[in-house]
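Notes to accompany the following structure.
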Amino acid sequence: MDKNTSLSGLLSLYKKWVISNPGVVTDVETVATWSSYFVAGKINKSPIVSELVYSLSKLVSLFNDKLIREAYGNDIQNYGLKEQIELWLTIIHYCEVFVELAVKNRWGIKGKWTAATLLQLFKCSSALILLYRFKEIPITHPPIPVLQRKKFIDGKDIEENSSSFITLKRSGRIMRRVDGAPPVALRDWQPVKILDDKTNTTIQEKDLLHAELLHIIKPLIHLAAMKAFGTKAWKQWMVALAIDVASFKLYNRHLKELSYEQRLEISRRKLGLVLYLLRSPMYNGYSKNVLEGLLTTASNRIPLMSLICGPIIQYLNHWQDIYFYMWAS
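Written as structure tokens, this is what we have:
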């Protein structure tokens, strides 16, 4: 009883501390996350330890976000099927690299690919439920985004359909606020369009469903291609790239109809195409020599850059082997 009481008491004190000191909590989480990068190469089995530290820091941050939402939010939190699926997908998003490394260390390469396949099957089936039952288009990565705590606590979150616009009283004309404008790269310079729930339901067309479906099933198709052609073959690389391009082509047909948040997620995915330069076989054949040459040149010509470029060159192959999987969105 005393142990249970003490644990519940400590948890209660921790919750009060998080709610009362969100800024300090954010700083501690940032230090914990960055510490995972400095662990690499410093101790035995450093990749596993590094990923464990990173995963734990992200899970604690997710828990702290939940506490802050409940304490400062005005709406009652609903934890139905949709929210549970998003929670588990977010947890896997933060932990899947650690799981793969831990399984590989215990059961070898075959165990690693088995774990990766099981994780992708779960992610794919869960995402399909979000897509077809709850009409989540597109599904963000991670599904539960990091909370912008300062804005949330101050009540200054800007919603595209509310505080980012004003309506002139006499003319009824809709004007965008200065602080509500999207980044320059995402502006279409078109008149403001207010999207309501009815508009959102009308744009769930087949193209959007098919576009998101391609994105969801790409990991499984790519895993099958890697099994068939090998992990460093051009065919599996081209299969994954072709699926991404096809998905973006379908999305582009209705890009103007999507909300700001939806377009932001699509833009994030498009930027992810740059990672194809760091994935086999492109990396092994071309990108590796270019990157190492640039880093070496910067290290030799710019003072103190050797402190940064040296470790990057040393661990570049190691990081490429661990992180740059095609399905890691």
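According to the numbering used here, the sequence shown is numbered sequentially starting from 10.
We treat Cβ as the ideally placed atom computed from N, Cα and C, and that holds for glycine.
Fair warning: this is a prediction, and the values are worked out from it, not measured in the lab.
Local conformation of residue i per DSSP, three classes
| i | result |
| --- | --- |
| Ile-148 | coil |
| Gln-157 | coil |
| Ser-315 | helix |
| Tyr-81 | helix |
| His-224 | helix |
| Leu-267 | coil |
| Thr-306 | helix |
| Ser-15 | helix |
| Phe-333 | coil |
| Ala-242 | coil |
| Phe-257 | helix |
| Pro-31 | helix |
| Arg-262 | coil |
| Pro-290 | coil |
| Tyr-88 | coil |
| Phe-143 | coil |
| Glu-214 | coil |
Cβ neighbours of residue i in the same chain (closer than 7 Å, five flanking residues each side left out)
| i | result |
| --- | --- |
| Ser-134 | none |
| Leu-94 | First, the residue type needs correcting, since residue 94 is Ile and not Leu in the sequence shown. Ser-135, Ile-138, Leu-139. |
| Ala-255 | Leu-223 |
| Lys-25 | none |
| Lys-241 | Ser-289, Pro-290, Asn-293 |
| Thr-99 | Leu-71, Pro-151, Pro-152, Ile-153 |
| Arg-310 | none |
| Glu-214 | His-263 |
| Glu-145 | Leu-139 |
| Phe-238 | Lys-244, Gln-245 |
| Tyr-285 | Leu-250, Met-291 |
| Ile-225 | Cys-133, Ala-136, Leu-137, Leu-140 |
| Ala-124 | Val-108, Glu-109, Val-112 |
| Phe-143 | Lys-91 |
Cβ neighbours of residue i in the same chain (closer than 8 Å, five flanking residues each side left out)
| i | result |
| --- | --- |
| Met-314 | Ala-307, Ser-308 |
| Phe-257 | Ala-220, Ile-275, Arg-278, Lys-279 |
| Ile-212 | Unreliable placement is indicated for Ile-212, whose pLDDT of 48 sits below 50; no coordinate value is reported for it. |
Sub-8 Å separation of residue i and residue j beta-carbons
| i | j | result |
| --- | --- | --- |
| Ile-252 | Lys-227 | yes |
| Ala-111 | Ile-162 | no |
| Ile-28 | Leu-76 | yes |
| Arg-158 | Thr-35 | yes |
| Ser-45 | Val-33 | no |
| Gln-329 | Leu-229 | no |
| Leu-304 | Ile-322 | yes |
| Arg-78 | Leu-20 | no |
| Phe-131 | Glu-60 | no |
Proximal residues to residue i (C-beta, below 6 Å), its chain only, five neighbours per side dropped
| i | result |
| --- | --- |
| Arg-262 | Asp-216 |
| Tyr-260 | Ala-220, Ile-275 |
Distance cut-off 7 Å: residue i Cβ against heavy atoms of the ligand MN
| i | result |
| --- | --- |
| Pro-152 | The ligand MN is absent from the structure shown, which contains no ligands of any kind. |
- prompt: Is the stretch 268-279 close to the stretch 138-150, with three or more CB pairs under 8 Å?
  reply: yes
- prompt: Can you find at least 3 beta carbon pairs, one from the stretch 314-334 and one from the stretch 285-302, that sit closer than 8 Å?
  reply: yes
query: Counting pairs of beta carbons, one from the stretch 66-79 and one from the stretch 98-107, are three or more of them closer than 8 Å?
result: yes
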